[in-house]
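In this note's numbering, the protein residues as written are 130 to 205.
All C-beta atoms in this analysis are idealised placements derived from N, C-alpha and C, irrespective of residue type, glycine included.
Bear in mind that the values here come from a model prediction, so they are computed numbers and not experimental data.
Notes follow once the structure below has been shown.
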Amino acid sequence: YYKQVCIYAFNRKELENYKKFGKKSILEISEDIEILRFFEINKKIKMVKIKNKSIAVDVKTDIKKVQQFIQHEKKN
130 YYKQVCIYAF
140 NRKELENYKK
150 FGKKSILEIS
160 EDIEILRFFE
170 INKKIKMVKI
180 KNKSIAVDVK
190 TDIKKVQQFI
200 QHEKKN
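Now the structure itself:
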């Protein structure tokens, strides 16, 4: 299965288009996923497969897990 790692990169023009679209749509509100606004204004979204494991950072305590992971990777 695939897991989504959300890293977004936009140029200035695309961000201005995002803002022009206005308020959140019903879909964006219900799903609470901001990237859906780009789908709704017919913008292409590129997804890339990555080989490395990712670590979610959802709460403050997750930061320590990431720091430990980075330190471990530096040693190896």
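| said: Can you give me the C-alpha to C-alpha distance between Gln197 and Lys132, rounded to a whole angstrom? | reply: 22 angstroms
| Is Arg141 buried or exposed, if buried means 16 or more other CB atoms sit within 10 Å of its CB? | Burial call: exposed.
| Quick one, which of Met176, Asp191, Leu144 has its alpha-carbon nearest Ile258's? | Nothing can be reported for residue 258: it is not among the residues displayed for the chain, which extend from 130 to 205.
| Among Lys204, His201, Glu145, which one has its Cα closest to the Cα of Lys172? | Glu145
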